[in-house]
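There are 2 protein chains.
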Amino acid sequence: MSGDGTVGKALDVLDQVAEFGRPVRFGTLLEASPFPKATLYRFLQTLTNQRMLEYDAERQTYALGVRLVRLAHAAWTQSSLAPLARPHLDALSAKIGLTVHLAQLDSGQVLYIDKRNAAQPVDMYSQAGKIGPAYCTGVGKAMLAFLPDAEQARALTQQSFHVFTKQTLASKTALKAELKNIVTRGHAFDREEHEPGIICVAVPILSAGARVLGGLSITGSTKDTDYGQLDTHVPDLKSTAAAIARAAQDWRFPGADPLQQTGT
Amino acid sequence: MSGDGTVGKALDVLDQVAEFGRPVRFGTLLEASPFPKATLYRFLQTLTNQRMLEYDAERQTYALGVRLVRLAHAAWTQSSLAPLARPHLDALSAKIGLTVHLAQLDSGQVLYIDKRNAAQPVDMYSQAGKIGPAYCTGVGKAMLAFLPDAEQARALTQQSFHVFTKQTLASKTALKAELKNIVTRGHAFDREEHEPGIICVAVPILSAGARVLGGLSITGSTKDTDYGQLDTHVPDLKSTAAAIARAAQDWRFPGADPLQQTGT
DNA sequence: ATTTCAGTTCCATTATTTGGAACTCGGTTT
DNA sequence: AAACCGAGTTCCAAATAATGGAACTGAAAT
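Taken in sequence, the protein lines are chains D and Z. Quick note, the first sequence lines up with residues 1 to 264 if you use my numbering. Quick note, the second sequence lines up with residues 1001 to 1264 if you use my numbering.
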C-alpha cells in the first residue's frame, strides 16, 4: 500500500500480522498479502530475525515480537502526551470519578494513549494503543473540529463512515456541520454515535499556536449520567486540557521563551 | 550491528532513536551512526513517512512515532504473557499487598511486561516495556536458572556484569553457582544486587514442557521487609506462576491435548 | 561580503530485492 | 508401493532499490 521501498513493504507485513490479532500461519498471511510467496517468506524471515516477529515452530505461526513492546515503551515515553498528561489525568479522574480518555489523532483515527477508569482503575495498557474511529467518538470529533482546514479535509477522507448506531453521523456533510458546532461550542458530545448507551463530552488539547495536540474526554453510560451532567464537567475538562497543553509547551521548550520561532 | 539487509539497518536506526530517549537532531544521530550522511538521511525520511518516527519541523528533531504505540498494543496483546496473566497478578497483588513484577526474557535482558504496585497502583505503562539486567535481578536470575543449557550459555554471554552494588554477582562463575542454587531451591532472591535497599523473591513461569515462559517476582525494601518475610510468599508466587502457565497452555492449545506434538 | 555548518539533493555505481520455478518433506490417495 | 498433494522452502538471473561522495542550499556567525 504505502510504497517507500523495502522498509515500507516490510512494515506493511508487520501491520498485516498485527491486524490478525493472533498468531497466524504463513499460508493465511499469503492469501491476504500482495506479495508473492518467496517475497513474503523472506520478509517474515527478516522480521523474525529482527525479533519484530516471533515464530512458533511448533504451531508454525508468526506473532508480533517483544522488540515492539520495548520500542513502544520508548515511543510512549518520548513521543506522546501521555507521560506529561498523567498527573493531570489522575487529578481529573479523582475529582469527577468518571472514565477519562486521553487520545491523539493518528492518520485520521483516534489513538487512545491513556485512560482512567472509574470502576477498575488498572485497565490501561490494554487500552493504550487501541485505535477507534474519529467521526463518531467524542475525542475524535473534538480533535477533527480544531484541525487546520487542509489537515481536516485530509482526515475526513480517511473516515470510513460505518453506521454503528442510529445516531452515527454517516456522511461527510453531516460531520462537517457537526464540527462547525463543536468549534463554536468549544466541546464535543458523543450522543451514542459509536455505541448505544455510551455518551461522552470531549475537548481538544490545543497548543499555544492552536495546534491540535490531542483530545480529552469523559465517558458515561446513559444509565448513570446524562448530557446535562456531562456539561457540568466541561470547565474541568477544559482546564485539564489547558494544563496538559502548558506542560507540553514547557517540555518542548524547557526554560525558553515559547514559540518565538514561529513568529515571522 | 545486525545485518539483515535494508530492513535490519532501518530498524537499527529506529533503535538508535529509541536509545536517546528524547527527540534528537539529525546531527546527533549522525555522530552515533555507522551510516554516511545521505544514507542516514534517507532512512530517517523513510521511517518518518512510515510514521515509525515523527519529525518536529520547528525543532528539527526526530522522535519515535505513534505507529509504534499502535503496533505495541497488538504485540502486547498477542505475544506476551501479560493479558493472560493479568487476573492472576491482580489476585496475587491483592493478597500480599506488595509490588509484583511480571517479566519475560528478551535477548538476555529482563523485559518487564506488567506490574502491580502496592502504593501507587497505576504506574504500569511506564514500567511495562522497560528493560533491566538479568544477572542481578530476581526475575532475571529465576529465568536464567531454568533455561536449557545452550540457551543459558548464550544468555550468559549477553550479560554486562556491571557492578551496581557490593552484592552484585559480577562474574559468570559467581552467577553460574548462584543459578545452580536457584534450581535446587526453586526460587531466586535479589539480595540488593541491583539497587541498595531493594530485595526480592522470584520464581520462573514454566510451561508443561519446562520451557521458560517468563518470571514473577515480589519486591520490597529492606526497611519494610526481610528475606524471611519474602520467603513466606514463595508458595503464593509458585501457585500464581503455575496458574499463569496453565492459562498459557490453554490458550496455545485451546481445547486440545497439551503438547502431544513434542512427544517423540 | 565571506565563512561555516547543519541539513538536503543528485546521480552513476553497487548491492539487494524480486518472483517464477523448481525442490523438499510429511501426509494422503490410488 | 507408487503417485500425489500442498505447505513451506530454496535458487538464481533479471529488475530494482540502496548507496555515498560530492555538490548544493540557506541561515547564522564573523
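No residue lacks a Cβ here, since even glycine has one placed at the ideal position from N, Cα and C.
Roughly how many whole angstroms lie between the Cα atoms of Gly1065 (chain Z) and Gly1228 (chain Z)?
As a first step, residue 1065 (chain Z) must be located in the second sequence, where it is residue number 65. As a first step, residue 1228 (chain Z) must be located in the second sequence, where it is residue number 228. The C-alpha of Gly1228 (chain Z) is placed about 46 Å away from the C-alpha of Gly1065 (chain Z).
Does Glu1019 (chain Z) pass the burial test, meaning 16 or more other C-beta atoms within 10 Å, or should it be called exposed?
To locate residue 1019 (chain Z), count along the second sequence from 1; it is residue 19. Flag for Glu1019 (chain Z) reads exposed.
Looking at C-beta atoms only, is the number of pairs between the segment 1205-1221 of chain Z and the segment 1056-1072 of chain Z that lie closer than 8 Å three or more?
no
Name the residues in the segment 1003-1020 of chain Z whose C-beta lies less than 7 Å from a C-beta of chain D; which are they?
Asp1004, Gly1005, Thr1006, Val1007, Gly1008, Ala1010, Leu1011, Leu1014, Ala1018
Taking the beta strand (DSSP E) that Tyr1062 (chain Z) falls in, what are its first and last residues?
Translated into the one-based positions of the second sequence, residue 1062 (chain Z) becomes position 62. Counting along the chain, Tyr1062 (chain Z) sits inside the beta strand (DSSP E) bounded by residues 1061-1064.
My assumption, with CB atoms under 8 Å, is that Cys200 (chain D) sits in contact with Phe164 (chain D). Please give the rounded CB distance.
Against the first sequence, residue 200 (chain D) aligns to sequence position 200. Against the first sequence, residue 164 (chain D) aligns to sequence position 164. Their Cβ separation, rounded to whole angstroms, is 14 Å, which puts Cys200 (chain D) and Phe164 (chain D) out of contact at 8 Å.
Taking the continuous alpha helix (DSSP H) assigned at Arg86 (chain D), which residues delimit it?
Sequence index remark: in the first sequence, residue 86 (chain D) carries index 86 (1-based). Looking at the DSSP string, the run of the alpha helix (DSSP H) that includes Arg86 (chain D) is 82-96.
Are the CB atoms of His101 (chain D) and Ala243 (chain D) within a distance shorter than 7 Å?
Along the first sequence, read from residue 1 onward, the residue named residue 243 (chain D) stands at position 243. Along the first sequence, read from residue 1 onward, the residue named residue 101 (chain D) stands at position 101. Contact flag unset, no.
Does DSSP put Val1203 (chain Z) in a helix, in a strand, or in coil?
Walking along the second sequence from the start, residue 1203 (chain Z) turns up at place 203. Of the three classes helix, strand and coil, the one that applies to Val1203 (chain Z) here is strand, per DSSP.
Check whether the segment 194-211 of chain D and the segment 154-162 of chain D are in contact - that is, three or more C-beta pairs closer than 8 Å.
no
Can you find a CB in chain Z that lies within less than 7 Å of the CB of Lys115 (chain D)?
Numbered from its first residue, the first sequence carries residue 115 (chain D) at position 115. Not flagged as an interface residue toward chain Z: Lys115 (chain D), since no C-beta distance is shorter than 7 Å.
With DSSP as the reference, identify every bridge partner of Phe189 (chain D), one or two as the case may be.
Within the first sequence, the letter at position 189 stands for residue 189 (chain D). Note: Phe189 (chain D) sits in a beta bridge opposite D:Val201.
Using a beta-carbon distance below 7 Å, is Val1066 (chain Z) in contact with chain D?
If you number the second sequence from 1, residue 1066 (chain Z) lands on position 66. Yes, because at least one Cβ of chain D sits closer than 7 Å to the Cβ of Val1066 (chain Z).
In chain order, what residues of the same chain have a beta carbon less than 8 Å from the beta carbon of Thr1240 (chain Z), not counting five sequence neighbours either side?
Here residue 1240 (chain Z) refers to the residue found at position 240 when the second sequence is read from its first residue. Answer for Thr1240 (chain Z): His1088, Leu1089, Ala1091, Leu1092, Leu1216, listed in chain order.
Quick one: is Val69 (chain D) near chain Z, going by C-beta distance under 7 Å?
Working through the first sequence from its first residue, we reach residue 69 (chain D) at position 69. At least one chain Z Cβ lies under 7 Å of Val69 (chain D).
When the distance is taken between beta carbons, is Ala74 (chain D) closer than 7 Å to Ile275 (chain D)?
This structure leaves residue 275 (chain D) out entirely; chain D is present only between 1 and 264.
What are the start and end residues of the beta strand (DSSP E) that includes Val163 (chain D)?
Here residue 163 (chain D) refers to the residue found at position 163 of the first sequence. Counting along the chain, Val163 (chain D) falls outside any beta strand (DSSP E), and DSSP gives it neither H nor E.
Can you determine whether any heavy atom of the ligand ZN sits closer than 6 Å to the C-beta of Ala1202 (chain Z), and answer yes or no?
Questions concerning the ligand ZN fall outside what the structure shown contains, since it holds no ligand whatsoever.
Does the distance from the CB of Ala1174 (chain Z) to the CB of Ile1182 (chain Z) come in under 7 Å?
Locating residue 1174 (chain Z) in the second sequence gives position 174, where the first residue counts as 1. Locating residue 1182 (chain Z) in the second sequence gives position 182, where the first residue counts as 1. With contacts defined by Cβ atoms closer than 7 Å, Ala1174 (chain Z) and Ile1182 (chain Z) do not form a contacting pair.
For Ile1131 (chain Z), which residues in chain D fall below 9 Å Cβ to Cβ?
Residue numbering aside, residue 1131 (chain Z) sits at position 131 when the second sequence is read from its first letter. Going along chain D in sequence order, the residues near Ile1131 (chain Z) (Cβ under 9 Å) are Arg70, His73.
Asp1106 (chain Z) versus chain D: which residues are under 8 Å apart at the beta carbon?
Here residue 1106 (chain Z) corresponds to residue number 106 of the second sequence, with the count starting at 1. Arg51, Val66, Arg67, Arg70, listed in chain order.
With distances taken from CA atoms, which of Z:Arg1185, Z:Asp1012, Z:Glu1193 is nearest Ser1171 (chain Z)?
In the second sequence, counting from the first residue as 1, residue 1171 (chain Z) sits at position 171. Of the candidates Z:Arg1185, Z:Asp1012, Z:Glu1193, the one whose C-alpha sits nearest the C-alpha of Ser1171 (chain Z) is Z:Glu1193.
From Leu14 (chain D) to Asp106 (chain D), what does the alpha carbon distance come to, in whole angstroms?
In the first sequence, the residue the question calls residue 14 (chain D) occupies position 14. In the first sequence, the residue the question calls residue 106 (chain D) occupies position 106. Going by the C-alpha atoms only, they are around 17 Å apart.
Please work out which residues of its chain come closer than 6 Å, Cβ to Cβ, to Gln1167 (chain Z), disregarding the five sequence neighbours upstream and downstream, and give them in chain order.
Reading the second sequence from its first residue, position 167 is the one you call residue 1167 (chain Z). These residues qualify, in order along the chain: Arg1191, Glu1192, Glu1193.
Which one or two residues does DSSP pair with Lys1115 (chain Z) in a beta bridge?
Looking up residue 1115 (chain Z) in the second sequence gives position 115. Answer is Z:His1101.
Please state whether DSSP places Thr173 (chain D) in a helix, a strand or coil.
Indexing the first sequence from 1 puts residue 173 (chain D) at position 173. In the structure shown, Thr173 (chain D) sits in a helix (DSSP, three-state: H, G or I).
Is the CB-CB distance between Thr6 (chain D) and Thr1039 (chain Z) below 7 Å?
On the first sequence, position 6 is the one that residue 6 (chain D) refers to. On the second sequence, position 39 is the one that residue 1039 (chain Z) refers to. No, these two residues do not count as a Cβ contact at 7 Å.
Kindly indicate which three-state DSSP category Glu1058 (chain Z) falls into: helix, strand or coil?
If you number the second sequence from 1, residue 1058 (chain Z) lands on position 58. Residue state, collapsed to three classes: coil.
Where Leu230 (chain D) and Leu237 (chain D) are concerned, what is the direct C-alpha to C-alpha distance, given to the nearest angstrom?
The residue labelled residue 230 (chain D) in the question sits at position 230 within the first sequence. The residue labelled residue 237 (chain D) in the question sits at position 237 within the first sequence. About 10 Å.
Would a check of beta-carbon distances place Gly214 (chain D) closer than 7 Å to chain Z?
Along the first sequence, read from residue 1 onward, the residue named residue 214 (chain D) stands at position 214. Not an interface residue.
Can you give me the Cβ contacts of Tyr1125 (chain Z) inside the same chain, cut-off strictly under 7 Å, excluding the 5 residues immediately before and after it?
The residue labelled residue 1125 (chain Z) in the question sits at position 125 within the second sequence. Because the pLDDT at Tyr1125 (chain Z) is just 42, under 50, the model does not fix this residue reliably, and the point stays unresolved.
Are the beta-carbon atoms of Gln1050 (chain Z) and Asp4 (chain D) separated by less than 7 Å?
Residue numbering aside, residue 1050 (chain Z) sits at position 50 when the second sequence is read from its first letter. Residue numbering aside, residue 4 (chain D) sits at position 4 when the first sequence is read from its first letter. Yes. Within cutoff.
Report the three-state DSSP secondary structure of Thr39 (chain D) (helix, strand or coil).
To locate residue 39 (chain D), count along the first sequence from 1; it is residue 39. Residue state, collapsed to three classes: helix.
Give the single residue among Z:His1233, Z:Arg1070, Z:Ala1072, Z:Lys1009 whose Cα lies nearest to the Cα of Arg1042 (chain Z).
Within the second sequence, residue 1042 (chain Z) is the residue found at index 42, counting from 1. Per the Cα distances, Z:Lys1009.
Roughly how far, in whole angstroms, is the beta-carbon of Arg1070 (chain Z) from the beta-carbon of Leu111 (chain D), given that I think they are within contact range, below 8 Å?
Along the second sequence, read from residue 1 onward, the residue named residue 1070 (chain Z) stands at position 70. Along the first sequence, read from residue 1 onward, the residue named residue 111 (chain D) stands at position 111. Contact flag correct, Cβ pair sits at about 6 Å.
Can you look up Leu147 (chain D) in the DSSP assignment and give me helix, strand or coil?
Position 147 of the first sequence, counting from 1, holds the residue named residue 147 (chain D). Residue state, collapsed to three classes: coil.
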